[in-house]
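In UniProt numbering, the protein residues as written are 1 to 284.
Beta carbons: idealized from backbone N, C-alpha and C, even for Gly.
Each remark here refers to the structure printed beneath this line.
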Amino acid sequence: MTVSLPPADELTVAGRRVRCRISGTGPAVVLLHGIGRTLDDFTAQHELLAADHRVVSVDLPGHGGSAPLDAPHTLPALAAAVAEFLDAAGVDRPAHLVGNSLGGAVAMRLAADEPSRAASLALVNSAGFGREVTVALRLLALRPLGRLLLRPHPAIARRTELAIFRDPAYATEERIATALAVARQPHAARVMLELVRSLGTWRGVRPQWRADLLDAVAALDLPTLVVWGDRDLILPAAHLTAARSRLPRARTHLFADTGHMPQIERSEEFHTLLRDFWADADRP
């Protein structure tokens with residue numbers, strides 16, 4: 001059976017195809033997904049926020065319907081690619097950057113490298129705050145096991161979706177089909193392995209890039225929100241404690257009985273939290 005990604009828009013950026021979704025008017029919001037995922041993880045938030053914001057969701061390079069980079073896929077390379085995309089999309093003022101998992105680290109890297117692009121940071125179960133990560137990602141760092149584990153298969157896609165959510169009802173057939181379509185892209189395994197091996201080893205997430213990144217973000221003194229799901233099986237909720245230590249001025253929130261994607265499992269509560277955070281950040 002052939003499966004495809006849900007409909008979205010496309011832009012050409014630096015000669016590459018970029019799958020995106022852009023809608024609404026008002027202050028700019030940029031939504032960034034996690035490793036091996038797509039902009040569809042932010043569909044609910046995109047639709048809610050587009051009522052009074054210009055909302056930009058994008059598939060990161062080599063993810064979903066976006067073409068891969070010519071250079072290796074690393075955190076700085078992804079952040080630079082997002083900056084190029086924002087220029088192409090006409091986002092020329094500071095935007096609220098919202099990132100889930102790897103997308104949180106990309107948002108932090110973009111803000112650190114180009115501070116004028118960021119009005120605030122909202123980090124959702126974000127990479128960058130601790131060494132611990134699910135064993136499934138750590139095993140990908142092992143050669144040649146990593147490529148074997150990334151073979152597209154319906155059972156693997158289903159198991160991955162079930163691991164992401166606390167409530168299995170969110171691991172829908174539609175989400176499983178999207179995950180399978182992503183895994184079947186000819187470059188998907190290469191991109192995933194490049195990212196995993198640049199960010200970590202079989203022991204866990206590398207400490208040096210995390211320390212450098214968090215030092216840079218702390219120096220920005222940018223309004224920051226960090227949230228987590230207390231039942232996250234991908235990046236444990238204990239990382240929220242590290243976030244409070246490294247970014248002591250950040251607002252934080254722990255969602256009860258929630259997995260790796262609060263923006264989906266707690267969409268209304270997450271939306272309210274985000275809007276309140278922005279309202280406070282805008283006050284003199």
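Close Cβ partners of residue i (< 6 Å) along its chain, the five nearest in sequence each way excluded
i	result
Glu-194	Pro-72, His-73
Glu-84	Val-13, Ala-14
Pro-236	Glu-132
Arg-184	Pro-152
Ala-171	Glu-161, Leu-162, Phe-165
residue 289	As shown, the chain starts at 1 and ends at 284. That puts residue 289 outside it, with no answer to give.
Where residue i sits in the DSSP three-state scheme
i	result
Gly-204	strand
Ile-164	helix
Asp-215	helix
Glu-10	strand
Gly-103	helix
Ile-264	helix
Ser-4	coil
Phe-129	coil
His-271	helix
Arg-159	helix
Thr-258	coil
Exposure of residue i, with buried meaning 16 or more beta-carbon neighbours within 10 Å
i	result
Thr-272	exposed
Arg-159	exposed
Glu-268	exposed
Thr-224	buried
Asp-52	exposed
Phe-277	buried
Asp-215	exposed
Met-1	Its pLDDT being 35, under 50, Met-1 is placed unreliably by the model, and the measurement read from it follows with that caveat. Exposed, since its Cβ has fewer than 16 Cβ neighbours within 10 Å.
Gln-263	buried
Asp-167	exposed
Arg-203	exposed
Ala-169	exposed
Supposed contact pair residue j and residue i - C-beta distance, whole angstroms, cut 8 Å
i	j	result
Phe-129	Ala-211	No, Phe-129 and Ala-211 are not in contact; Cβ-Cβ is about 11 Å, not under 8 Å.
Thr-218	Leu-247	Here residue 218 is Ala; the residue named in the question, Thr, does not match the sequence. With a Cβ gap of about 6 Å, Ala-218 and Leu-247 count as contacting.
Arg-97	Ala-118	Rather than Arg, the amino acid found at residue 97 in this sequence is Leu. Contact holds; Cβ gap of about 5 Å.
His-33	Asn-125	Not really, about 12 Å apart at Cβ, beyond 8 Å.
Ala-44	Leu-220	Not quite, the Cβ-Cβ distance comes to about 29 Å (not below 8 Å), so this is no contact.
Val-29	Leu-123	Contact doesn't hold; Cβ gap of about 14 Å is too wide.
Chain-order list of residues whose beta-carbon lies under 8 Å from that of residue i (same chain, five-residue window excluded)
i	result
Ala-77	Pro-61, Leu-69, Ala-71
Leu-5	Arg-19, Thr-38, Asp-40, Gly-64, Gly-65, Thr-178, Ala-181, Val-182
Pro-207	Arg-131
Beta-carbon proximity list for residue i, same chain, < 7 Å, skipping 5 on both sides
i	result
Arg-109	Leu-75, Pro-76, Ala-79, Leu-213
Ala-279	none
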